[in-house]
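To convert, count from 1 in the sequence shown and add 34; that's the working numbering. Below is one structure, written out as structure tokens; the observations come after it.
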Amino acid sequence: MDISIVIPLINEAESLPELEAWIRQVMDSHQYSYEIIFVDDGSTDDSWKVIEKLRKQSARVKAIRFQRNYGKSAALNEGFKQASGDVVITMDADLQDSPDEIPELRRMILEDGYDIVSGWKKKRYDNKLSKNLPSKLFNAATRRASGIKLHDFNCGLKSYRRQVIKSIEVYGEMHRYIPVLAKWSGFRKFGEKVVEHRPRKYGITKFGWTRFINGFLDLASIMFVGKFRKNPMHFFGLWGTLFFLFGFIVSFYLALSKFFFDKTGMTQRPLFFFAIFAMIIGTQLFLAGFLGELISRNSAERNNYLIQERIE
Ligand code: UDP
Ligand code: MG
Numbered sequence: 035m036d037i038s039i040v041i042p043l044i045n046e047a048e049s050l051p052e053l054e055a056w057i058r059q060v061m062d063s064h065q066y067s068y069e070i071i072f073v074d075d076g077s078t079d080d081s082w083k084v085i086e087k088l089r090k091q092s093a094r095v096k097a098i099r100f101q102r103n104y105g106k107s108a109a110l111n112e113g114f115k116q117a118s119g120d121v122v123i124t125m126d127a128d129l130q131d132s133p134d135e136i137p138e139l140r141r142m143i144l145e146d147g148y149d150i151v152s153g154w155k156k157k158r159y160d161n162k163l164s165k166n167l168p169s170k171l172f173n174a175a176t177r178r179a180s181g182i183k184l185h186d187f188n189c190g191l192k193s194y195r196r197q198v199i200k201s202i203e204v205y206g207e208m209h210r211y212i213p214v215l216a217k218w219s220g221f222r223k224f225g226e227k228v229v230e231h232r233p234r235k236y237g238i239t240k241f242g243w244t245r246f247i248n249g250f251l252d253l254a255s256i257m258f259v260g261k262f263r264k265n266p267m268h269f270f271g272l273w274g275t276l277f278f279l280f281g282f283i284v285s286f287y288l289a290l291s292k293f294f295f296d297k298t299g300m301t302q303r304p305l306f307f308f309a310i311f312a313m314i315i316g317t318q319l320f321l322a323g324f325l326g327e328l329i330s331r332n333s334a335e336r337n338n339y340l341i342q343e344r345i346e
């Protein structure tokens, strides 16, 4: 199998036949062997019926149907499990991504040696400031935090070496950060290709403005988890100790100055409250670190190494 195309979708019935026909035309003209994996993320329209019909016409169409809406990340994750192509392409179902980009995306993986090639919608059609500005900020923040130099992390059109998608788990709303997940797993070669962004032909967008808030919260947690998931104590223990020590030394100083220099009562001094506060926070952080350690020690993933090769 040359190419697996994974397409997460919810309520995109009108787009699907056109999308499938277009992909088929591109694939046939290059004579690739391919599969299309539609993941129906809980559609309430006719999407599934349309998929069944497409399947009847072509055995290259495969599909997974969720019982309810689990989100784009879950849909991608499930599609990845099933994908068996050397190169795996993801694209949105709404015809905003062009299948004409597929051959080049594939070539960049196989010939240029990239692990991931991300589409970059340089010129956007939904040209609204309310979408573009947050998106610029979001990409800049992700670039800085992750050290991965991509312009458009959230682009649905990407290609992957098969090994990459078999090594990562996309959960929550982490579909925006798949390159970051891949970096955790040890993949380093990230490429980018300017892709055509087309206006949405049918239906409406499935993400509202909350995407930006969620996006930033997810970025904070992904960077934190990425750094400290294996040893939470390295974060919480350090800050807990610093806070506690600060509080302790200050209280000690306050006590000394009361007993030896007979200053006014230590509880009257603002510093006293800082000291108490610092000691409480310090203890809390330390305990959070302990709990984190216990949880991560029990995690089924604690020894999930990714082995690239082995000689026996
Ligand atoms: N999608 C999905 N599950 C969701 C939300 C979206 O599978 O919960 C799919 C959607 O059908 C589309 C793709 O993800 O194929 C991108 O969504 P959309 O086009 O609405 O996002 P936008 O282009 O506005 O960023
Ligand atoms: Mg779209």
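No residue lacks a Cβ here, since even glycine has one placed at the ideal position from N, Cα and C.
Terminal residues of the beta strand (DSSP E) in which residue i lies
{"i": "I41", "result": "37-43"}
{"i": "K157", "result": "Taken as a continuous stretch (DSSP letters only), K157 belongs to no beta strand (DSSP E), as it is neither H nor E."}
{"i": "G225", "result": "224-228"}
{"i": "R99", "result": "95-99"}
Residue closest to residue i, alpha-carbon to alpha-carbon, out of the options
{"i": "L53", "options": "V228, F262, I85, V259", "result": "I85"}
{"i": "S118", "options": "M35, L325, I98, T124", "result": "M35"}
{"i": "A108", "options": "W243, Y205, Y287", "result": "Y205"}
{"i": "V228", "options": "K156, A289, D120", "result": "K156"}
{"i": "N188", "options": "H209, R195, A312", "result": "H209"}
{"i": "G260", "options": "I283, W218, I345", "result": "W218"}
{"i": "G181", "options": "L163, Y211, E230, T124", "result": "Y211"}
{"i": "E135", "options": "G281, I345, L328, S193", "result": "S193"}
{"i": "L328", "options": "F280, P266, E346", "result": "P266"}
{"i": "N166", "options": "D186, T176, H64", "result": "D186"}
{"i": "A312", "options": "F277, L288, N338, H268", "result": "F277"}
{"i": "D62", "options": "I37, T176, F306, F282", "result": "I37"}
{"i": "F307", "options": "S330, F293, F280", "result": "F280"}
{"i": "S81", "options": "L88, S92, A47, F100", "result": "A47"}
{"i": "F100", "options": "S92, T78, A93", "result": "T78"}
{"i": "E335", "options": "R102, L163, S201", "result": "S201"}
{"i": "L251", "options": "N338, T176, G242, S92", "result": "T176"}
{"i": "P51", "options": "K83, E145, Q65, Y66", "result": "K83"}
{"i": "S330", "options": "H268, E346, A216", "result": "H268"}
The alpha helix (DSSP H) enclosing residue i, as first and last residue numbers
{"i": "F280", "result": "267-295"}
{"i": "S63", "result": "49-64"}
{"i": "F72", "result": "Here F72 belongs to no alpha helix (DSSP H); instead the beta strand (DSSP E) covers 68-74."}
{"i": "E112", "result": "106-116"}
{"i": "R89", "result": "81-91"}
{"i": "V198", "result": "196-201"}
{"i": "V121", "result": "V121 -> not in any alpha helix (DSSP H); beta strand (DSSP E) instead, spanning 121-124."}
{"i": "L325", "result": "304-332"}
{"i": "N166", "result": "163-180"}
{"i": "E138", "result": "136-144"}
{"i": "I212", "result": "212-218"}
{"i": "T239", "result": "From DSSP, T239 is part of no alpha helix (DSSP H); its letter is neither H nor E."}
{"i": "S255", "result": "244-262"}
Close beta carbons around residue i, own chain, < 7 Å, minus the five adjacent residues each side
{"i": "G220", "result": "L340"}
{"i": "F270", "result": "L319, F320, A322, G323, G326"}
{"i": "I57", "result": "I39, I70, P133"}
{"i": "L305", "result": "V284, L288"}
{"i": "F388", "result": "No statement about residue 388 is possible, as the shown extent of the chain runs from 35 to 346 and does not include it."}
{"i": "P168", "result": "F246"}
Expected contact under 8 Å - CB spacing of residue i and residue j to nearest Å
{"i": "G105", "j": "E203", "result": "Wrong, their Cβ atoms sit about 14 Å apart, outside the cutoff."}
{"i": "Q130", "j": "R234", "result": "6 Å"}
{"i": "L253", "j": "A179", "result": "6 Å"}
{"i": "I41", "j": "G76", "result": "Actually they are not in contact, since the Cβ atoms of I41 and G76 sit about 15 Å apart, beyond 8 Å."}
{"i": "K90", "j": "Q116", "result": "19 Å between Cβ atoms; not a contact."}
{"i": "M125", "j": "L184", "result": "Incorrect: roughly 17 Å between the Cβ atoms, too far for contact."}
{"i": "V122", "j": "F114", "result": "7 Å"}
{"i": "V347", "j": "I256", "result": "Absent from the structure is residue 347, since the part of the chain shown begins at 35 and ends at 346."}
8 Å Cβ shell around residue i - same chain, five flanking residues per side excluded
{"i": "T275", "result": "G316, F320"}
{"i": "S291", "result": "K297, M300"}
{"i": "N111", "result": "E203, V204, Y205"}
{"i": "R232", "result": "L129, Q130, D131, S132, Y159"}
{"i": "V60", "result": "P133, D134, I136, P137"}
{"i": "R102", "result": "G76"}
Residues near residue i in its chain [Cβ-Cβ closer than 6 Å; skip 5 each side]
{"i": "G225", "result": "M142, Y148, V151"}
{"i": "S49", "result": "A127, D128, L129, Y236"}
{"i": "I364", "result": "This structure does not reach residue 364, given that the chain is present from 35 up to 346, and the question cannot be answered."}
{"i": "R195", "result": "I143, D149"}
{"i": "W154", "result": "H185, D186, E226, V228"}
{"i": "L88", "result": "E54, V95"}
Are the stretch 244-254 and the stretch 169-180 touching by the rule of at least three beta carbon pairs closer than 8 Å? Judged by Cβ distances under 8 Å, the stretch 244-254 makes contact with the stretch 169-180, as three or more pairs qualify.
By C-beta, the residues closer than 6 Å to any heavy atom of ligand 3, given in chain order: Ligands present in the displayed structure are limited to ligand 1 and ligand 2, and ligand 3 is not among them.
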